[in-house]
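To start, the structure itself, in structure tokens.
Residue numbers (my numbering): 999 to 1129.
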């Protein structure tokens, strides 16, 4: 099984993995599969909106990193027992409006979510790629 070869609470580049394989692995493991294709995103706001739409965040989502953190941790945790997560952020922008610092800040939110779920013994794997 694919997920057995990937540490359970990690944020890493997608590299050798195919989205379809990750989706199937999540389904086989009974875990949530969250996918956002961010090809059209050019700015931090675009990225946050793209993630919010793809992950079906509530309408009151604040479209900032704190709100993203809350949606990936507390809101989900309060909704009940969770089986685990496979998250794919495909085609993150790589431009002046979404530079390396912005990408690292975004990925830090997902790293913090991975730590949050690790403390609760729930696997959370996040994979990402750049445009």
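C-beta: ideal position from N, C-alpha, C; glycine also. Just so we're clear, the structure is a prediction, and the values are computed from it rather than from any experiment.
Is it the case that the Cβ atoms of residue i and residue j are separated by a distance below 7 angstroms?
i            : j            : result
residue 1126 : residue 1073 : no
residue 1020 : residue 1084 : yes
residue 1052 : residue 1034 : yes
How many angstroms separate the CA atom of residue i from the CA atom of residue j?
i            : j            : result
residue 1058 : residue 1070 : 14 angstroms
residue 1027 : residue 1121 : 11 angstroms
residue 1104 : residue 1111 : 11 angstroms
residue 1100 : residue 1068 : 18 angstroms
residue 1078 : residue 1016 : 30 angstroms
Can you tell which of the options has the C-alpha that lies nearest to the C-alpha of residue i?
i            : options                : result
residue 1096 : 1002, 1040, 1109, 1005 : 1040
residue 1080 : 1104, 1023, 1029, 1005 : 1029
residue 1107 : 1008, 1001, 1004       : 1008
residue 1045 : 1056, 1032, 1061       : 1061
residue 1129 : 1056, 1055, 1090, 1022 : 1090
residue 1066 : 1076, 1055, 1075       : 1055
Is the Cβ of residue i closer than 7 angstroms to any Cβ of chain C?
i            : result
residue 1116 : This model lacks chain C altogether, as it is built from one protein chain only.
At least three beta-carbon pairs within less than 8 angstroms, the stretch 1003-1021 to the stretch 1114-1126
yes
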